[in-house]
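**Q**
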Amino acid sequence: MKKNIFAAIVAFIMIFASVWVPSQAEASMNLSGTVSKSLGSSGVGVSVRDGETGQILYEYYGNTAKKPASNMKLLTGAAAISLLGENYRYETSLYIDGYIANGVLNGNVYLKGSGDPTLQYNQLQTFATALKNYGIYKVNGNLYGDDHIFTGEQLTPGIAAEDESDYFAARTTGLVLSPNDDFDAGTIIVQVSGGTAGKKPAVQALPNTMGMTLSNYATTGSKGTRNTLTIKRKYGTSQVIITGSIPAGSTVKEWVTVNNPTVNTMYAMQQAMKDRGIAFTNTPAIGRGTVPQGATRVYTSKSRTLKEMFPAFMKLSNNSMADIFVKTLGAEAYGKGDTQTGVKVLQEYGESIGLDMGNWSFEDGSGMSHKNRISPNGFTALLYNARGMQAYDTYYSSLPVGGANNRLVGGSLRTRFTSAAYQYRVAAKTGHITGVYTLSGYVKANSGKNYIFSIMTENKQTAVITGIDAVVAYIINHY
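Be aware that the sequence shown starts at 12, since it is given in the numbering used here, and climbs by one per residue.
Here's what the structure looks like:
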């Protein structure tokens, strides 16, 4: 009998040993080795929390504030969708003053914006159609854009002069146009197509030049030659300079920032009116102006909801949207639509949900500034608290999904975590500025449990992305 009991105990121990899984304490201890091996020991911060309880399970310099890069959008997004609401819409209105006689408006045309980052050229054509339906076929006056909902600098702090031509460094105003459904507000798309070798390539701007000048100094090379094309806006001007060579038969698209979003939008409005057959008696003055009292509102366009904007904002890491949301928060909370006031609202929001923001500091909402500082434990606390938001489903589903091929699902993580073992397990925000790589979000482990993590690195090279992913893979496999 004793022999049978002993045999049963031994059998039980052997079975248990075959399925033994390390405790969380052991998993966390071993994670230190993965962090050190994959990321090194300096310029690194890591935090891992239990997704259900919020308890910190692992931290490596978890309370040390670091540059968040685009992980900053996690805070901006949480504040925007909580304070403005996921059904929030922007409005853009068309006004006229003066009087109409025989189809001629003897007065001015105004567009008054509220910062809609989804405003596109087809909506300007709708405005032009509204003018025509109002009985206007010619304008004896000027075109003005009212962008006074936002004040202060068009460009957020921390943008380097050499980056100002690039789409991620766009200026934002209360009246700004996006070229397509990526909603990179404040940019145009410059398309260059190689034709006959030795000749200039064809160049066009989408939706149109919007008052910008395209200077084409490029050439077409033979098929198979190297593409050396450069498309840049000259600093401080509205001139886009195209140089280099493009292979015959090739097409290149480059998103380029405009120099003055409000004025450039009004140039686009002039073209939209021309498209609808509305002429000007003389060449109109085009600029910024305030809608006068007594002006007649002809038409109002409403933006997509914040809920509809969020996938492009988070998954594509849209800086223009981040900057506009911050200015909008300032305008709505304090009547001051500038970055500094909006950042104050971010701070107040974080404090209101119980975050310890003592060592946080930031000067924008996009993460472009190298002066921003947030700790890994701070990010995981934010992500844990976000679970209580009314709009959490919208917030969570807007995050890039690891290994998802669809651009508006996988976003900036679509080429990471692509193996079957990790695909669709990670929903997180990527971040990168010079020397900085970050990743913060949610992960489902093989155990079936959910975890919240933040990995922040500084003074690193591109190769660190592989190391960051290795740390997340460890969490999936061992937690």
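Yeah, the Cβ is synthetic: ideal placement off N, Cα and C, and Gly gets one too.
Note that the structure is predicted; figures quoted are calculated from it, not measured.
Counting along the chain, where does the beta strand (DSSP E) carrying Glu-175 start and finish?
**A** Here residue 175 is taken as the residue at index 164 of the sequence shown, counted from 1. Counting along the chain, Glu-175 falls outside any beta strand (DSSP E), and DSSP gives it neither H nor E.
**Q** Which same chain residues, not among the five before or five after Gly-300, have their C-beta less than 6 Å away from its C-beta?
**A** Within the sequence shown, the letter at position 289 stands for residue 300. If we look at Gly-300 and ignore the five residues flanking it on each side, its Cβ neighbours are Tyr-155.
**Q** Which word fits Ser-226, buried or exposed, when buried means at least 16 other C-beta atoms lie within 10 angstroms of its C-beta?
**A** Here residue 226 is taken as the residue at index 215 of the sequence shown, counted from 1. Counting Cβ neighbours within 10 Å, Ser-226 comes out exposed, since fewer than 16 surround it.
**Q** Under three-state DSSP, which class holds Thr-477?
**A** If you number the sequence shown from 1, residue 477 lands on position 466. Three-state result, Thr-477: helix.
**Q** Spatial neighbours of Ser-81 within its chain, please: CB distance less than 6 Å, with the 5 preceding and 5 following residues excluded, ordered by chain position.
**A** The residue labelled residue 81 in the question sits at position 70 within the sequence shown. Closer than 6 Å at the Cβ level, and outside the excluded window around Ser-81, lie Ser-328, Gly-378 and Gly-442.
**Q** Cutting at 6 Å between CB atoms, please list the residues of its own chain near Ser-312, excluding the five before and the five after it.
**A** Along the sequence shown, one-based indexing puts residue 312 at 301. Excluding sequence neighbours, Ser-312 sits near Thr-103 and Gln-134.
**Q** Opposite Val-59 in the DSSP bridges: which residues?
**A** Sequence index remark: in the sequence shown, residue 59 carries index 48 (1-based). Val-59 pairs with Tyr-69 and Phe-464.
**Q** Helix, strand or coil: which one does DSSP assign to Leu-128?
**A** To locate residue 128, count along the sequence shown from 1; it is residue 117. Looking at the sequence itself, residue 128 is Pro, so the reference to Leu does not match. Note: Pro-128 maps to coil in three-state DSSP.
**Q** What does DSSP give as the partner residues of Ser-104 in its beta bridges?
**A** On the sequence shown, position 93 is the one that residue 104 refers to. Per DSSP, Lys-123 and Thr-311.
**Q** Could you check if Gln-165 is buried or exposed, using at least 16 other CB atoms within 10 Å of its CB as the buried criterion?
**A** As a first step, residue 165 is located in the sequence shown; it is residue number 154 there, counting from the start. Gln-165 is buried by the Cβ-count criterion.
**Q** Identify every residue that forms a DSSP beta bridge with His-443.
**A** The residue labelled residue 443 in the question sits at position 432 within the sequence shown. DSSP, once it has assigned bridges, lists Tyr-448 as partnering His-443.
**Q** Looking only at its chain, what residues have a beta carbon closer than 6 Å to the beta carbon of Gly-348, apart from the 5 residues adjacent to it on each side?
**A** Numbered from its first residue, the sequence shown carries residue 348 at position 337. Within the same chain, Gly-348 has close Cβ partners Ile-160, Phe-161, Thr-162, Lys-338, Gly-341 and Ala-342.
**Q** Output the boundary residues of the beta strand (DSSP E) element that contains Arg-244.
**A** As a first step, residue 244 must be located in the sequence shown, where it is residue number 233. Looking at the DSSP string, the run of the beta strand (DSSP E) that includes Arg-244 is 241 to 244.
**Q** What are the start and end residues of the alpha helix (DSSP H) that includes Glu-359?
**A** Numbered from its first residue, the sequence shown carries residue 359 at position 348. That run of the alpha helix (DSSP H) goes 350 to 363.
**Q** Hey, how far is the Cα of Ile-486 from the Cα of Tyr-72?
**A** As a first step, residue 486 is located in the sequence shown; it is residue number 475 there, counting from the start. As a first step, residue 72 is located in the sequence shown; it is residue number 61 there, counting from the start. Spanning the two alpha carbons is a distance of roughly 18 Å.
**Q** Any Cβ of chain B within less than 9 Å of the Cβ of Pro-168?
**A** No chain B is part of this structure, which consists of one protein chain only.
**Q** So the alpha helix (DSSP H) Ser-226 belongs to, where does it begin and stop?
**A** Counted from its first residue, the sequence shown places residue 226 at position 215. Per DSSP, Ser-226 belongs to no alpha helix (DSSP H); it is in the beta strand (DSSP E), 224 to 227.
**Q** Out of Val-59, Lys-78 and Ala-112, point me to the one whose CA is closest to Gly-169's CA.
**A** Looking up residue 169 in the sequence shown gives position 158. Nearest of Val-59, Lys-78 and Ala-112 to Gly-169, Cα basis: Lys-78.
**Q** In chain order, what are the residue ranges of uninterrupted beta strand (DSSP E) at least 3 long that sit wholly in the stretch 386 to 455?
**A** As far as the stretch 386 to 455 is concerned, its whole beta strand (DSSP E) runs of at least 3 residues are 437 to 444 and 447 to 455.
**Q** Quick one: what does DSSP say Ala-216 is sitting in, helix, strand or coil?
**A** Reading the sequence shown from its first residue, position 205 is the one you call residue 216. Here Ala-216 sits in strand by DSSP.
**Q** What number of angstroms, rounded off, separates the C-alpha of Val-437 from the C-alpha of Ser-380?
**A** As a working note, residue 437 is residue 426 in the sequence shown. As a working note, residue 380 is residue 369 in the sequence shown. Their Cα atoms are separated by approximately 26 Å.
**Q** Below 7 Å CB to CB, which residues in the same chain sit around Met-25 once its five sequence neighbours on both sides are set aside?
**A** By 1-based counting over the sequence shown, the position of residue 25 is 14. For Met-25, the predicted structure reports a pLDDT of 39, less than 50, and the residue's modelled location is therefore unreliable. The matter cannot be settled from this model.
**Q** Determine whether the beta carbon atoms of Phe-428 and Asp-375 lie at a separation below 9 Å.
**A** Locating residue 428 in the sequence shown gives position 417, counting from the first residue. Locating residue 375 in the sequence shown gives position 364, counting from the first residue. Not a contact, by the Cβ cut-off of 9 Å.
**Q** Between which two residues does the alpha helix (DSSP H) containing Ile-335 stretch?
**A** Here the question's residue 335 lines up with position 324 in the sequence shown. Unbroken alpha helix (DSSP H) run through Ile-335: 330 to 345.
**Q** Roughly how many whole angstroms lie between the Cα atoms of Lys-471 and Gly-44?
**A** Locating residue 471 in the sequence shown gives position 460, counting from the first residue. Locating residue 44 in the sequence shown gives position 33, counting from the first residue. So the two alpha carbons sit approximately 19 Å from each other.
**Q** From Tyr-278 to Tyr-435, what does the alpha carbon distance come to, in whole angstroms?
**A** As a position in the sequence shown, residue 278 is number 267, starting the count at 1. As a position in the sequence shown, residue 435 is number 424, starting the count at 1. Rounded to whole angstroms, Tyr-278 to Tyr-435 spans 44 Å at the Cα level.
**Q** What residues are listed by DSSP as bridge partners for Thr-231?
**A** Translated into positions along the sequence shown, residue 231 becomes position 220. Thr-231 is bridged to Ile-257.
**Q** So which of Met-223, Ile-253 and Thr-224 has the shortest CA-CA distance to Lys-264?
**A** The count along the sequence shown starts at 1 and reaches residue 264 at position 253. Minimum Cα distance to Lys-264 is reached at Ile-253.
**Q** Tell me, please, whether the stretch 457 to 473 touches the stretch 56 to 69 by the rule of three or more beta-carbon pairs shorter than 8 Å.
**A** Result yes; three or more Cβ-Cβ pairs closer than 8 Å.
**Q** Quick check: the Cα distance between His-489 and Gly-235, rounded to an integer number of angstroms?
**A** Sequence index remark: in the sequence shown, residue 489 carries index 478 (1-based). Sequence index remark: in the sequence shown, residue 235 carries index 224 (1-based). Cα to Cα, the separation comes out at about 48 Å.
**Q** To which residues does DSSP link Arg-237 through a beta bridge?
**A** For this step, residue 237 is matched to residue 226 along the sequence shown. Looking at the DSSP assignment, Arg-237 forms no beta bridge with any residue, so it has no partner.
**Q** Can you name the residues that DSSP bridges to Asp-157?
**A** Locating residue 157 in the sequence shown gives position 146, where the first residue counts as 1. According to DSSP, Asp-157 bridges with Lys-123.
**Q** Can you tell me the Cβ-Cβ gap for Ser-331 and Phe-194, rounded? I've got them flagged as a contact below 8 Å.
**A** Numbered from 1 along the sequence shown, position 320 holds the residue referred to as residue 331. Numbered from 1 along the sequence shown, position 183 holds the residue referred to as residue 194. So it is a contact: roughly 7 Å between Cβ atoms.
**Q** Given a threshold of 16 other Cβ atoms within 10 Å of its Cβ, counted over all protein chains shown, does Asn-5 qualify as buried or as exposed?
**A** Outside the shown range of the chain, which is 12 to 490, sits residue 5, and nothing can be said about it.
**Q** What does the alpha-carbon distance come out to for the pair Tyr-99 and Ala-333?
**A** Within the sequence shown, numbered from 1, the residue matching residue 99 stands at position 88. Within the sequence shown, numbered from 1, the residue matching residue 333 stands at position 322. Those two C-alpha atoms are separated by around 15 Å.
**Q** I need the DSSP call for Ala-90, collapsed to helix, strand or coil.
**A** Taking the first residue of the sequence shown as position 1, residue 90 is located at position 79. Here Ala-90 sits in helix by DSSP.
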